[in-house]
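Q:
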Amino acid sequence: MSRISEGDYVFMQLPSGNHKIVRIVADSLIVLGKFGSVSANTLVNLPFYETYDIISKTEVRKIAAEPADDLETSAESGINDVLTMEGNKIQYHGNQTLSMSEIEQFKQSGLKGDALIKKIQEAHQDFDKKTEFSKAKYLKRKKAKYMHTFCPLPMTCDRLLDLYIDKDPARVLGMDPATLAHMLSLANVRPGGRYLIMDESPSVLTTAILERLGNKGCVVIAHENEHPNLDGLKYFPQWMPSDDFEGENPMVRLINLLDLFCPEETLPFVEKDADSLKGTQKTQYLRQLYRENQRLWVRKQCELGFDAVIVLSTLNLVDIVPRLLEFAAGSTPLVVYSDARENLVNLTLALKKDLRVLAPTIMETRLRKFQTLPGRMHPTMTAKGYSGVLLHGIRVLPDSAAVAVGMAAQRKKRKIEPAENTVQT
Amino acid sequence: MFLNSKRIIEEGDLVLIWISRTVIRPVYLKKDEALQTKFGHFLHNDMIGRPFGSQISATQGRGFVHVLAPTPELWALSLPHRTQIVYSPDSSYIIHRLQIRPDSKVVEAGTGSGALTHALARAVGTDGTIFTYEYHEDRHMQAVKEFKDHELSDIITCTHRNVCEDGFQIEKPTLATAVFLDLPAPWTAIPKLFEGEILNRKEAVHICCFSPCIEQVSKTVKVLEEHGFQSIEMVENQAKRWEGHESMVRSVDEALDVLRDVRKRRNMGIERRKRKRLVSEVEAEQSEEDKKLLRGDYDNPVVYNPWGKGERVKEGDDGYKWAPVSTIEPEIKNHTSYLTFALLPPLQD
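Chains as they are written, first to last, in this note's numbering: chain A, 1 to 425; chain B, 1 to 349.
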């Protein structure tokens, strides 16, 4: 995974801080919007993680990477900045003598990248009066706009989530990376495990689990619609479940809620002699057979019990979670995500009465990013708001005969045991 | 043990006995032995042969525990804290950002309580390796024993070493793609990563430094840059634990009725005292029956008590109105440490 290969989906980091996912299809043109375009063939075999300047459609040049915070050159001038600022007033408008159309003309005449930025800088009347810090900031802004560079990164679930958070956080129910990571740990996800999940995001949860499974284990997606949302999975073709009856042990298996909860309503499968069928009839039959085998496999696993139940769904949780618990083996984790704490409070109360989940607890994790310039370290001024929380507990096998200490004795003698024991969670 | 999906409890198994939220006890099950807790006496024989997750009653009938299979998270909860442990909100994010996968090779310094090491071992599975270093000899010995007891020795290689002075090199190349440094001075250990075959320079190497102070972060960032690390980012992870409860809904009308009731009873009291005086004035001539009649029936008025004041009301009891609420834990982890992440691109040939 250190070089780009044909057929890969590649996560392109662009000078503006935005990103784009592209697919490397032979002889195609990779278009990066205003940052230029380059032929896919040129990208094949290029190492990941480096920054490249687009010279032409068929030529790129490796350049030194821009550090994430590329202002540190001026970091030590922080105190001097204050001195220069005194007595130097900078007007806010009209310093840039080049007009937008003039810049466009330069661009059309072939001037670009560093050379164009130099031109723009020279045309700024008061550039020298700026503090070192604001000079660096100005250039950074111009680079983000006019540089024709990109940095290819391999596709990972983490990057997929970043992309959705930027584009449309509602699609991932406002889930942040730290909460997703926490779900995986609390659900005890490990290579070889078998997990029953509901994933209403475009398979972000699914891919996160698959990354942890390697090529051992299985994710069973219970979906409420006739077809599950596998949008994000397309960037990871190795895991995409196929309908072409290939692969005996696919890592992703699907079952809709009707087949899961009401197996008696599943239409009976009629076995046929595949060899006696022809053409599309045969293909169709083999596909049905494949699906039937998947369904049987899932039903069998439901009886054996899954290694965790992980739920990311907007269905009424109080309703869906107790039904899914039936398929969890003893002492396995239950993890439920919701974008509103209230939903999980209601679920906690329902589970406390249910007794099949030990110590249902709601966790909220929030990341706070910092600017890391030496001497200028502080949390970033703004950040995305997240409301996602998760509930976790352990599926247990209650014994109806068990009586908590102090439940009956409590009336006779006050406080014979600490309070927590009277309710023995 | 930590890495399988065993369903039935057997003799010799390590189980975690869940006694209460704050008391989880690790126990190796042995025939004819018993576990004594403040909630009763529990026989190992009652647990052996049952499925994991079973609720087991005490011998005297009252009191129970749950028998759980060990996981890194439960294990961390059961730990007597030898050192500050890396808690699950941090450890899960570290594993996520370090891109740890089944078969990854990971360098960790120091081992500490081994809580994170367990989580790392789960993530890499039987095809990966964790190379963990600890300079404190007792902690190192303790960790070695624990990983052996937990059947993780094949995955975890422990070394007793001060990496900041003596580096990371051991007999075999570690060739790690992920590094986690939880050391007082990570910037002194970073240059040591480049001595010997420590890092797999054919792949990208992800690093995380875990430091409580911002001054440590400053020094770390500088040294990371000097050694070619990119995408340096520092974050802090704040976790809060909430619990779901029911809160009694007390209406204003009921409050007004309580006040009305108090007023009514006060008036009754005045009335009663008046009558009492009357009774005592004419006491001599009155029979007991007549005294009662004179006092009226003001002696034991029924108090209006819509919210069970003074009674033992349990959350959710019938006869009251309840609303779902969430309450936060009384003490939150306000700051664990700063997490500094960076990436070292692969070397090109």
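Idealized CB from N, CA, C, for every residue including glycine. Because the structure is a prediction, the values reported are computed rather than measured.
From the DSSP output, in three-state form, read off B/Glu151 for me.
A: Coil, per DSSP.
Q: On the DSSP letters alone, give me the boundaries of the alpha helix (DSSP H) that A/Met147 sits inside.
A: Run containing A/Met147: none; DSSP gives neither H nor E here.
Q: What separation, rounded to the nearest whole angstrom, lies between the Cα atoms of A/Gln371 and A/Lys57?
A: So the two alpha carbons sit approximately 35 Å from each other.
Q: Going by beta carbon distance, what residues of the same chain come within less than 8 Å of B/Asp257, once the five residues before and after it are set aside?
A: Once the five neighbours on either side are set aside, the close Cβ partners of B/Asp257 are Tyr304 and Pro306.
Q: I need the straight-line Cα distance from A/His19 to A/Glu50, nearest angstrom please.
A: So the alpha carbons of these two residues sit roughly 15 Å apart.
Q: I want to see whether chain A comes within less than 8 Å of B/Trp242, judged by CB atoms only; does it?
A: Yes, contact with chain A.
Q: What residues from the stretch 85-115 of chain B come within 8 Å of chain A, judged by C-beta to C-beta, listed N to C?
A: Cβ contacts with chain A: Ser88, Pro89, Ser91, Ser92, Tyr93, Ile95, His96, Arg97, Gln99, Arg101, Pro102 and Asp103.
Q: So for A/Lys20, helix, strand or coil by DSSP?
A: The answer is strand: DSSP assigns A/Lys20 an E or B state.
Q: Just list the residues that DSSP pairs A/Gln371 with in beta bridges.
A: Paired residue(s): A/His378.
Q: Rounded to whole angstroms, what's the CA-CA distance from B/Leu259 to B/Asn267? Just pull it up for me.
A: The alpha-carbon atoms of B/Leu259 and B/Asn267 are separated by roughly 12 Å.
Q: What residues in its chain sit with their C-beta under 8 Å from that of A/Glu86, if we drop five residues either side in the sequence?
A: Note that A/Glu86 scores 45 on pLDDT, short of 50, meaning its location in the model is unreliable; the coordinates nonetheless yield the value given after this. Correct list: empty, nothing qualifies.
Q: What's the C-alpha gap between A/Cys151 and A/Tyr52?
A: Their Cα atoms are separated by approximately 6 Å.
Q: So what's A/Cys302 in DSSP terms, helix, strand or just coil?
A: In the structure shown, A/Cys302 sits in a helix (DSSP, three-state: H, G or I).
Q: Going by C-alpha to C-alpha distance, which of B/Lys148, B/Gly128, B/Pro72 and B/His335 sits closest to B/Phe210?
A: Answer by Cα proximity: B/His335.
Q: At 9 Å on the CB atoms, spell out the chain B contacts of A/Ala404, in chain order.
A: Simply Phe39, Arg62, Gly63 and Phe64.
Q: Would you say the stretch 182-199 of chain A touches the stretch 35-47 of chain A, given that touching needs at least three Cβ pairs under 8 Å?
A: As far as the Cβ criterion goes, the stretch 182-199 of chain A does not touch the stretch 35-47 of chain A, which means the pair count is below three.
Q: Consider the Cβ of A/Phe370: report whether some Cβ of chain B lies at a distance smaller than 8 Å.
A: Answer yes: the Cβ-Cβ gap between A/Phe370 and chain B drops below 8 Å somewhere.
Q: For A/Lys300, which of A/Asp259, A/Pro268, A/Ala402 and A/Leu334 has the nearest alpha-carbon?
A: Among A/Asp259, A/Pro268, A/Ala402 and A/Leu334, the Cα nearest to that of A/Lys300 is on A/Asp259.
Q: Is the stretch 172-184 of chain B touching the stretch 141-154 of chain B, taking contact as three or more C-beta pairs under 8 Å?
A: Contact between the stretch 172-184 of chain B and the stretch 141-154 of chain B is absent, because fewer than three Cβ pairs lie under 8 Å.
Q: Can you tell me whether A/Tyr386 is buried or exposed, with buried defined as 16 or more other CB within 10 angstroms of its CB?
A: The residue in question, A/Tyr386, is buried, as its Cβ has 16 or more Cβ neighbours within 10 Å.
Q: Which word fits A/Asp126, buried or exposed, when buried means at least 16 other C-beta atoms lie within 10 angstroms of its C-beta?
A: By the 10 Å Cβ count, A/Asp126 comes out exposed.
Q: Anyone know if the C-beta pair for A/Leu186 and A/Leu161 falls short of 8 Å?
A: Cβ atoms of A/Leu186 and A/Leu161: not closer than 8 Å.
Q: Is the CB-CB distance between A/Lys107 and A/Leu98 below 8 Å?
A: Not in contact: A/Lys107 and A/Leu98 (Cβ atoms no closer than 8 Å).
Q: Once DSSP output is grouped into helix, strand and coil, what is the label at B/Tyr304?
A: B/Tyr304: coil per DSSP, three-state reduction.
Q: For B/Ala351 versus B/Val217, is the C-beta distance shorter than 8 Å?
A: Residue 351 of chain B falls outside the range modelled here, since chain B spans only 1 to 349, and no answer is possible.
Q: Identify the contact partners of A/Asn346 in chain B, using a Cβ-Cβ distance below 9 Å as the criterion.
A: Residues of chain B passing the Cβ test: Gly244 and Pro324.
Q: If the cut-off is 7 Å on Cβ atoms, which residues from the stretch 185-203 of chain B count as contacting chain A, listed in chain order?
A: Those would be Lys202 and Glu203, in chain order.
Q: Are there three or more Cβ pairs, one per stretch, closer than 8 Å when the stretch 12-30 of chain A is compared with the stretch 313-328 of chain B?
A: Counting Cβ pairs under 8 Å, fewer than three are found: no touch.
Q: Tell me the residue span of the alpha helix (DSSP H) that contains B/Ser91.
A: Note, B/Ser91: alpha helix (DSSP H), Ser88 to Arg97.
Q: Does the beta carbon of B/Val383 come closer than 8 Å to any beta carbon on chain A?
A: Nothing can be reported for residue 383 of chain B, as the shown portion of chain B is limited to 1 through 349.
Q: Thinking B/His136 and B/Cys158 are a contact (beta carbons under 8 Å), I'd like their distance in whole angstroms, please.
A: That belief does not hold up - the Cβ atoms of B/His136 and B/Cys158 are roughly 12 Å apart, past 8 Å.
Q: May I ask you to report which of helix, strand or coil DSSP gives A/Ala359?
A: In this structure, A/Ala359 counts as strand in the three-state DSSP scheme.
Q: Mapping the DSSP letters down to three states, classify A/Ala68 as helix, strand or coil.
A: Bear in mind that the predicted position of A/Ala68 carries a pLDDT of just 48, short of 50, making it too unreliable to give a figure here.
Q: Between the Cα of B/Ile214 and the Cα atoms of A/Gly375, A/Arg171 and A/Thr382, which residue gives the shortest distance?
A: The shortest C-alpha separation from B/Ile214 is found at A/Gly375.
Q: Counting only C-beta atoms, is A/Ala181 closer than 8 Å to chain B at any point?
A: Yes - at least one Cβ of chain B is within 8 Å of the one on A/Ala181.
Q: Quick one, are the C-beta atoms of A/Cys218 and A/Arg253 less than 8 Å apart?
A: It is a contact, given that the beta carbons lie within the stated cut-off.
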